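Participant:
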Amino acid sequence: MYNYKINVSLATIATASVLSALSFSAQAAEWRGWNIHPEGYPNSDALESFAEKVAERTENRIEPRLYHNAVLGDQPDAIEQTRNGALDFANFNMGPMGPIVKETNVLSLPFLFNNREHMYEVMDGEIGDRFAAALEDEGLVALSWFESGARSLYNTERPVETPEDVEGLKIRVMNNDLYVEMIEAMGGNATPMSYGEVYQSLKTGVLDGAENNFPSFESSNHYEVSQYYSLTEHLIIPECLCVAKSTWDSLSEEYKTIVEEEALAAAELQRELWSEGSKESRKIVEEAGVAINEVEDKQVFQDMMQPLYDAFIEENPDLESLITDIRETI
Ligand code: BDP
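Going by mature numbering (1 follows the signal peptide of the UniProt record, and there is no 0), the letters in the sequence shown line up with residues -28 to -1, 1 to 302, in that order.
So, in structure tokens, the structure goes:
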């Protein structure tokens, strides 16, 4: 009798610990996070903070782990990996998203936003929700929007002041046909290429130039091999903090709230860090000898984009009202 009881309670303990081990392993999830930028970049710091806070608030039931410098693949590949759940979260630029989520191509139309405030106003409001819905249909849950400044042209040959200066230059663009059309409309030759290959290509003369914001121009070291940075500011493209839909759907309501709140907090932090980081990066490249020039007449560049808009609307008549709504958001 006595022995029997001991056996029962031992069995109960054993079962309980197996169960708790099982439920622990069912709940504790390591999240693989993709990031293209190096440590110390504004986005990287914001993502780190997101990862830490989520781990803390879920008592390590979710352990987001970040992989910087695109070690898990280049951006188009990482988008696919997140859509199919091989990656759990990431910070994506809406540029390479365009070929996958058609609506987001609107955000790659040159000179769409007047400035960063305009972009925030649009993305933080109802229009941002429309983009998020389109992303969700393709397996990505956009929880918050990061900023990526304004992209300008840089090259190894000369300052760009007018479109004539772009003529004949071989310019790297992100993976999206719209950017090819954009550079060609300016008179340059566009080469889509993954981010990680640009430095070497500039160095060896495979490329004459590229285009990006100050923090990326600096952190990628492109400024070491490209002396002229011209403030064309032709693209202001938002970025998302996205979670794989399959990962998101597996969360309890409580965890969804935590993850969403921390994604919003991360975006707030990223935007603050961005303002400072941009100035700092500009200073670094200037001190390294890069010649930065203002572009007096940006309107002439903007006017050259009209055929691109016309063709886009012709191909995507359903997106015309979205463009109008963005333009009318003040
Ligand atoms: C940076 C974006 C990053 C892009 C990169 C690029 O933050 O997502 O991949 O530009 O030009 O500004 O490829």
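Note that CB positions come from ideal geometry on N, CA and C, so glycine has one too. Here the structure is a predicted model, which means the values were calculated and not measured.
Going by Cα to Cα distance, which pick from Ala122, Ile298, Ala114, Arg299 is closest to Asp60?
Facilitator: Along the sequence shown, read from residue 1 onward, the residue named residue 60 stands at position 88. Looking at the Cα atoms, Ala114 is the closest of the given residues.
Participant: I want to know whether the region 188 to 207 touches the region 124 to 142 - three or more CB-CB distances under 8 Å.
Facilitator: Cβ pair count under 8 Å is three or more, so yes.
Participant: Suppose you measure from the CA of Ile285 to the CA of Arg33; what does that come to, to the nearest Å?
Facilitator: Against the sequence shown, residue 285 aligns to sequence position 313. Against the sequence shown, residue 33 aligns to sequence position 61. Their backbone Cα atoms lie some 46 Å apart in a straight line.
Participant: When burial is assigned at 16 or more other CB atoms within 10 Å of the CB, is Gln242 buried or exposed?
Facilitator: To locate residue 242, count along the sequence shown from 1; it is residue 270. Per the 10 Å Cβ criterion, buried.
Participant: Hey, could you find the ends of the beta strand (DSSP E) Phe85 is sitting in?
Facilitator: Working through the sequence shown from its first residue, we reach residue 85 at position 113. Per DSSP, Phe85 belongs to no beta strand (DSSP E) and is neither H nor E.
Participant: At 3 residues or longer, and completely inside the region 161 to 203: list those beta strand (DSSP E) runs for me, N to C.
Facilitator: List check, beta strand (DSSP E) in window: 161 to 164, 181 to 184.
Participant: Relative to the C-alpha of Ala283, which candidate in Phe22, Ala27, Asp149, Lys217 has its C-alpha closest?
Facilitator: Your numbering for residue 283 matches position 311 in the sequence shown. When each option's Cα is compared against that of Ala283, the closest is Asp149.
Participant: Taking the alpha helix (DSSP H) that Ser116 falls in, what are its first and last residues?
Facilitator: As a working note, residue 116 is residue 144 in the sequence shown. Taken as a continuous stretch (DSSP letters only), Ser116 belongs to no alpha helix (DSSP H), being part of the beta strand (DSSP E) at 112 to 118.
Participant: Tell me the rounded alpha-carbon separation between Val73 and Val267.
Facilitator: In the sequence shown, the residue the question calls residue 73 occupies position 101. In the sequence shown, the residue the question calls residue 267 occupies position 295. Cα to Cα, Val73 sits roughly 32 Å from Val267.
Participant: How far does the alpha helix (DSSP H) with Leu280 in it reach, from first residue to last?
Facilitator: Start at 1 with the first residue of the sequence shown, and residue 280 comes out as number 308. Unbroken alpha helix (DSSP H) run through Leu280: 278 to 287.
Participant: Could you check whether the Cβ of Ser80 sits closer than 7 Å to any heavy atom belonging to ligand 1?
Facilitator: Residue numbering aside, residue 80 sits at position 108 when the sequence shown is read from its first letter. For ligand 1, not one heavy atom lies less than 7 Å from the Cβ of Ser80.
Participant: Am I right that Leu291 and Met154 are in contact with their C-beta atoms under 8 Å? What's the rounded C-beta distance?
Facilitator: Locating residue 291 in the sequence shown gives position 319, counting from the first residue. Locating residue 154 in the sequence shown gives position 182, counting from the first residue. Between Met154 and Leu291 the Cβ distance is about 17 Å, and since that is not below 8 Å, they are no contact.
Participant: In its own chain, which residues sit with a C-beta less than 6 Å from the C-beta of Trp246, not counting the 5 before and 5 after it?
Facilitator: Along the sequence shown, read from residue 1 onward, the residue named residue 246 stands at position 274. Pro14, Glu119, listed in sequence order.
Participant: Using a Cβ-based criterion (distance less than 7 Å to any ligand heavy atom), does Glu211 qualify as near ligand 1?
Facilitator: Within the sequence shown, the letter at position 239 stands for residue 211. Yes.
Participant: Evaluate Arg37 with the Cβ neighbour count: other Cβ atoms within 10 Å of its Cβ, from every protein chain shown; 16 or more gives buried, anything less gives exposed.
Facilitator: Taking the first residue of the sequence shown as position 1, residue 37 is located at position 65. With fewer than 16 Cβ atoms within 10 Å of its Cβ, Arg37 is classed as exposed.
Participant: Check whether the region 261 to 277 and the region 72 to 91 touch, using three or more Cβ-Cβ pairs below 8 Å as the test.
Facilitator: The region 261 to 277 vs the region 72 to 91: in contact.
Participant: I'd like the list of long-range same chain contacts for Glu232, defined as Cβ closer than 6 Å, with 5 residues on each side in sequence excluded.
Facilitator: Walking along the sequence shown from the start, residue 232 turns up at place 260. Same-chain partners within the cutoff: Leu115.
Participant: Excluding sequence positions up to five away, which residues of its chain have a Cβ less than 6 Å from the Cβ of Ala23?
Facilitator: Your numbering for residue 23 matches position 51 in the sequence shown. Within the same chain, Ala23 has close Cβ partners Pro36, Leu38.
Participant: Residues in its own chain within less than 8 Å of Ile256 by CB, not counting five upstream and five downstream?
Facilitator: As a position in the sequence shown, residue 256 is number 284, starting the count at 1. Once the five neighbours on either side are set aside, the close Cβ partners of Ile256 are Glu190, Tyr195.
Participant: Pull up the distance between the alpha-carbon of Ile209 and that of Ala1, whole angstroms please.
Facilitator: Indexing the sequence shown from 1 puts residue 209 at position 237. Indexing the sequence shown from 1 puts residue 1 at position 29. Distance between the alpha carbons of Ile209 and Ala1: 32 Å.
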